[in-house]
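To keep things clear, I will list the structure first and then write my remarks on it.
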Amino acid sequence: AKERGRNDMAYYEEGLAVAMRQRTSLEADLRHALERDEFEVFYQPRVCVHTRRVVGAEALLRWRSPERGLVMPDDFIPVCESSGLIMPIGLRVFEQVARQQAEWAARGLDLQISVNLSPRQFSHPGLLDGIRAALRVAAGRPARLEIEITESMLLARDERPREVLDAFEAMGMSIALDDFGTGYSNLAALQRYPIHTVKIDKTFIQGLDTDRPLADMIVSMCRLMRLTVVAEGVETCDQLDWIAGRAIDQYQGFLCARALPAAAFEARFIDEPLA
Ligand code: C2E
Ligand code: CA
Ligand code: CA
Ligand code: CA
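Residue 404 is where the sequence shown starts when you use the UniProt record's numbering, and the numbers rise one by one after that.
Structure below.
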């Protein structure tokens with residue numbers, strides 16, 4: 404048994420070493436990717452439930468790697484987080500979004516675009532100055548930007564979350580609580596912080612946890628608080644029917660479109676022929 408244990412230990416250590424090597428090479432590749440500008444923002448439409456028109460988009464990051472192909476955020480954002488690379492990469496996202504938004508606005512497509520923030524970005528002391536600088540470079544319009552945060556970011560005991568959110572609000576940005584209902588579901592936070600939009604997590608919409616009554620309750624509360632309610636992860640007409648019967652303002656999901664490269668997005672959603 405002792406022998407066996409030693410073997411298991413050796414396997415374990417070997418596995419760990421492999422994982423660490425992979426992580427290190429991914430981190431190095433991400434640094435190069437940043438230098439070579441391989442990060443590309445995709446856009447998923449946000450649709451008005453009542454008019455069925457596209458009123459906005461969520462910016463979703465992709466890594467177009469010549470070696471790895473198109474890499475999805477779940478496969479690289481965690482390493483960006485732990486390595487700190489999320490800061491410079493995240494600021495590029497703001498810059499890209501602001502440029503794209505201005506270009507679309509000039510062609511008659513005025514969209515509110517939301518940008519995700521991760522915990523590490525949110526708690527970074529240089530975040531606000533970084534975003535201001537990125538928007539200045541790209542002549543961005545904060546009034547048409549929305550910041551997506553998650554509830555866990557509001558759990559800090561100090562005043563930092565409030566200061567950051569107040570600063571965003573002062574810049575004219577809107578603030579959305581993402582993945583709502585999956586975490587601490589702190590309805591009090593909705594009152595305590597300047598929050599304008601609540602994004603109901605896709606697990607509710609898809610009825611995966613068969614807790615649509617809870618989703619109903621959340622929607623009613625949001626309505627009372629005059630928040631904009633967005634349903635995420637709408638894939639079927641049945642789900643859209645359920646949504647349309649509720650006080651939900653917008654939806655996102657594969658039913659309308661996946662996140663698309665900017666060119667594909669405008670080909671589908673800018674009606675007017677472009678000059
Ligand atoms: P999220 O913010 O919750 O984004 C929604 C995710 O759900 C996206 O995955 C989107 O493609 C996917 N989705 C949209 N509609 C549907 C649907 O109908 N069905 C299903 N099953 N999924 C749908 P994606 O693009 O892979 O992004 C994953 C996560 O990566 C995001 O989750 C967000 O937390 C993070 N992320 C993406 N872009 C950025 C970024 O620029 N900065 C930061 N910090 N995080 C980002
Ligand atoms: Ca999001
Ligand atoms: Ca979400
Ligand atoms: Ca998320």
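Glycine included, C-beta positions come from ideal geometry on N, C-alpha and C.
query	result
Taking all protein chains shown into account, do 16 or more other C-beta atoms lie within 10 angstroms of the C-beta of Phe525, making it buried, or fewer, making it exposed?	buried
Three Cβ pairs or more, each shorter than 8 angstroms: is that satisfied between the stretch 574–582 and the stretch 542–559?	yes
Please go through the same chain and pick out, in chain order, the residues whose beta-carbon is closer than 6 angstroms to the beta-carbon of Leu531, but skip the five residues on each side of it.	Ala570
Under 8 angstroms from any heavy atom of ligand 3, does the C-beta of Glu551 make it?	yes
Closer than 5 angstroms between the C-beta and any heavy atom of ligand 1: which residues qualify, listed along the chain?	Leu463, Leu464, Met475, Pro476, Val496, Asn519, Ser521, Gly636, Glu638, Gly656, Phe657 and Ala662
Enumerate in chain order the residues of its own chain whose CB-to-CB distance from Leu437 is below 8 angstroms, with the five nearest sequence positions on each side excluded.	Leu488, Pro491, Ile492 and Arg495
Which residues in the same chain as Pro676 place their Cβ atom closer than 7 angstroms to its Cβ, once the five residues preceding and following it in sequence are excluded?	Interpretation of Pro676 is limited by its pLDDT of 47, a score under 50 that renders its predicted location unreliable; no figure is taken from the coordinates.
Could you tell me which of Arg407, Gln447 and Tyr415 sits nearest to Gln653, measuring between CA atoms?	Gln447
Arg615: which of Leu512, Gln642 and Leu630 sits nearest, CA to CA?	Gln642
Take Ala462 as the anchor and find which of Glu554, Val622, Glu443 and Tyr414 has the nearest alpha-carbon.	Glu443
Where does the unbroken beta strand (DSSP E) through Asp582 begin, and where does it stop?	Ser577 to Phe583
Starting from the N-terminal side, write out each stretch of the beta strand (DSSP E) that is 3 residues or longer and does not extend beyond the stretch 495–563.	515–519 and 548–552
Are the stretch 624–643 and the stretch 596–610 in contact at 8 angstroms, needing three or more beta carbon pairs?	yes
Can you look up Ala420 in the DSSP assignment and give me helix, strand or coil?	helix
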